[in-house]
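Student:
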Amino acid sequence: MTRNEVTELIILQKLKKQLTWPELASAIGKSKEWTTAALLGQMTLDADQAKVIGEKLELPEDAITQLQVVPYKGSLPTAVPTDPLIYRFYELISVYGTTFKALIHEEFGDGIMSAIDFDMDLQRQEDAKGDRVKITMSGKFLPYKSY
(Lines of atoms letter the chains of each structure in order from A; the text may use other names.)
(Lines give C-alpha, C1' and ligand atoms only; values in the text may rest on other atoms or scores of the structure.)
Protein backbone atom coordinates (compact mmCIF):
# COMPACT_ATOMS: atom_id res chain seq x y z
CA MET A 11 0.00 0.00 0.00
CA THR A 12 1.47 3.36 -1.05
CA ARG A 13 1.17 6.56 0.95
CA ASN A 14 -1.11 8.01 -1.73
CA GLU A 15 -3.39 4.97 -1.42
CA VAL A 16 -3.42 5.45 2.37
CA THR A 17 -4.46 9.10 1.90
CA GLU A 18 -7.30 8.07 -0.43
CA LEU A 19 -8.41 5.41 2.07
CA ILE A 20 -8.34 7.91 4.96
CA ILE A 21 -10.55 10.34 3.03
CA LEU A 22 -12.97 7.53 2.13
CA GLN A 23 -13.15 6.16 5.70
CA LYS A 24 -13.52 9.65 7.17
CA LEU A 25 -16.55 10.19 4.93
CA LYS A 26 -18.02 6.75 5.62
CA LYS A 27 -17.70 7.21 9.37
CA GLN A 28 -18.89 10.84 9.20
CA LEU A 29 -15.87 12.09 11.16
CA THR A 30 -14.42 15.59 11.00
CA TRP A 31 -10.77 16.64 10.94
CA PRO A 32 -11.16 18.25 14.41
CA GLU A 33 -12.58 14.99 15.80
CA LEU A 34 -9.61 13.04 14.45
CA ALA A 35 -7.24 15.71 15.80
CA SER A 36 -8.82 15.51 19.23
CA ALA A 37 -8.37 11.73 19.25
CA ILE A 38 -4.57 12.15 18.97
CA GLY A 39 -4.24 15.40 20.93
CA LYS A 40 -3.01 17.57 18.05
CA SER A 41 -4.36 20.63 16.22
CA LYS A 42 -6.83 20.18 13.40
CA GLU A 43 -4.38 21.88 11.05
CA TRP A 44 -1.43 19.57 11.82
CA THR A 45 -3.61 16.46 11.92
CA THR A 46 -5.22 17.23 8.59
CA ALA A 47 -1.78 17.76 7.01
CA ALA A 48 -0.59 14.49 8.53
CA LEU A 49 -3.58 12.48 7.37
CA LEU A 50 -3.26 13.98 3.89
CA GLY A 51 0.31 12.67 3.74
CA GLN A 52 2.47 15.63 4.76
CA MET A 53 3.50 14.80 8.34
CA THR A 54 4.58 11.71 10.27
CA LEU A 55 2.50 10.19 13.05
CA ASP A 56 4.14 8.35 15.93
CA ALA A 57 3.13 4.75 16.65
CA ASP A 58 0.49 5.68 19.24
CA GLN A 59 -1.09 8.34 17.03
CA ALA A 60 -1.12 6.00 14.02
CA LYS A 61 -2.76 3.25 16.10
CA VAL A 62 -5.52 5.60 17.31
CA ILE A 63 -6.21 6.86 13.79
CA GLY A 64 -6.13 3.29 12.50
CA GLU A 65 -8.76 2.27 15.04
CA LYS A 66 -10.96 5.32 14.41
CA LEU A 67 -10.87 4.82 10.64
CA GLU A 68 -10.59 1.01 10.64
CA LEU A 69 -7.39 1.09 8.60
CA PRO A 70 -5.37 -2.02 7.72
CA GLU A 71 -1.98 -2.58 9.38
CA ASP A 72 -0.13 -1.54 6.19
CA ALA A 73 -1.85 1.86 6.33
CA ILE A 74 -1.03 2.29 10.02
CA THR A 75 2.62 1.55 9.21
CA GLN A 76 2.63 4.04 6.32
CA LEU A 77 1.37 6.79 8.64
CA GLN A 78 4.65 6.41 10.56
CA VAL A 79 6.92 6.77 7.51
CA VAL A 80 8.49 10.17 6.85
CA PRO A 81 6.64 11.39 3.75
CA TYR A 82 7.84 13.03 0.59
CA LYS A 83 6.61 16.54 1.35
CA GLY A 84 4.86 18.76 -1.13
CA SER A 85 1.44 17.64 -2.25
CA LEU A 86 0.93 19.99 -5.17
CA PRO A 87 2.05 19.49 -8.76
CA THR A 88 4.79 21.80 -10.00
CA ALA A 89 2.42 23.40 -12.54
CA VAL A 90 0.00 26.16 -11.57
CA PRO A 91 -2.75 24.48 -9.51
CA THR A 92 -6.17 24.26 -11.14
CA ASP A 93 -8.29 23.72 -8.02
CA PRO A 94 -9.94 27.14 -7.44
CA LEU A 95 -9.30 27.29 -3.69
CA ILE A 96 -5.65 26.22 -3.97
CA TYR A 97 -5.17 28.52 -6.96
CA ARG A 98 -6.19 31.49 -4.77
CA PHE A 99 -3.30 30.72 -2.44
CA TYR A 100 -1.00 30.50 -5.47
CA GLU A 101 -2.42 33.85 -6.60
CA LEU A 102 -1.93 35.29 -3.09
CA ILE A 103 1.75 34.32 -3.15
CA SER A 104 2.13 35.55 -6.74
CA VAL A 105 0.74 38.96 -5.78
CA TYR A 106 2.00 39.35 -2.19
CA GLY A 107 5.04 37.05 -2.10
CA THR A 108 7.53 39.82 -2.81
CA THR A 109 5.75 41.98 -0.21
CA PHE A 110 6.09 39.23 2.42
CA LYS A 111 9.75 38.84 1.46
CA ALA A 112 10.52 42.58 1.60
CA LEU A 113 8.76 43.11 4.93
CA ILE A 114 10.27 40.02 6.57
CA HIS A 115 13.77 40.95 5.41
CA GLU A 116 13.36 44.53 6.59
CA GLU A 117 12.09 43.41 10.01
CA PHE A 118 14.29 40.33 10.59
CA GLY A 119 17.16 40.42 8.09
CA ASP A 120 18.18 37.94 5.42
CA GLY A 121 16.49 34.61 6.12
CA ILE A 122 13.30 32.62 5.83
CA MET A 123 10.18 31.74 7.79
CA SER A 124 10.35 28.10 8.78
CA ALA A 125 7.69 25.68 7.61
CA ILE A 126 9.17 23.15 10.06
CA ASP A 127 9.02 25.16 13.30
CA PHE A 128 5.58 26.37 12.30
CA ASP A 129 1.99 26.50 13.43
CA MET A 130 -1.26 27.56 11.83
CA ASP A 131 -4.79 28.29 12.97
CA LEU A 132 -7.78 28.42 10.62
CA GLN A 133 -11.03 29.93 11.87
CA ARG A 134 -14.38 31.09 10.53
CA GLN A 135 -14.80 34.83 11.12
CA GLU A 136 -18.41 36.00 10.96
CA ASP A 137 -18.98 39.12 8.89
CA ALA A 138 -22.22 40.87 7.87
CA LYS A 139 -21.01 40.94 4.24
CA GLY A 140 -20.29 37.18 4.26
CA ASP A 141 -18.23 34.97 6.51
CA ARG A 142 -14.45 35.21 6.13
CA VAL A 143 -11.65 32.68 6.36
CA LYS A 144 -9.05 33.74 8.92
CA ILE A 145 -5.70 31.98 8.73
CA THR A 146 -2.93 32.78 11.19
CA MET A 147 0.51 31.37 10.44
CA SER A 148 3.54 31.55 12.68
CA GLY A 149 6.96 30.28 11.67
CA LYS A 150 10.33 30.63 13.34
CA PHE A 151 12.67 33.05 11.58
CA LEU A 152 15.80 31.29 10.34
CA PRO A 153 18.59 33.67 9.34
CA TYR A 154 21.04 32.72 6.63
CA LYS A 155 24.52 32.38 8.05
CA SER A 156 27.75 33.41 6.44
CA TYR A 157 30.72 31.06 6.41
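The C-terminal residue of the sequence shown carries number 157 in this note's numbering, and the numbering is unbroken. Every residue, glycine too, gets a C-beta built ideally from N, C-alpha and C. For clarity, every value in this text was computed on a predicted model and none was experimentally measured.
For a minimum of 4 consecutive residues, which ranges assigned as the alpha helix (DSSP H) are wholly contained in the region 104-138?
Tutor: none
Student: Any contact between the region 36-46 and the region 77-91? By contact I mean 3 or more CB pairs, one from each, below 8 Å.
Tutor: no
Student: Assign V105 to one of two classes, buried (16 or more other C-beta atoms within 10 Å of its C-beta) or exposed (fewer than that).
Tutor: exposed
Student: Applying the criterion that 16 or more other CB atoms from any shown protein chain within 10 Å of the CB defines a buried residue, is G84 buried or exposed?
Tutor: Exposed, by the Cβ-count rule.
Student: Does the region 145-156 touch the region 115-133, meaning 3 or more C-beta pairs lie closer than 8 Å?
Tutor: yes
Student: Below 8 Å on the Cβ atoms is my guess for P153 versus D120; work out the distance and round it to an integer in Å.
Tutor: 7 Å
Student: According to DSSP, is G84 part of a helix, a strand, or is it coil?
Tutor: coil
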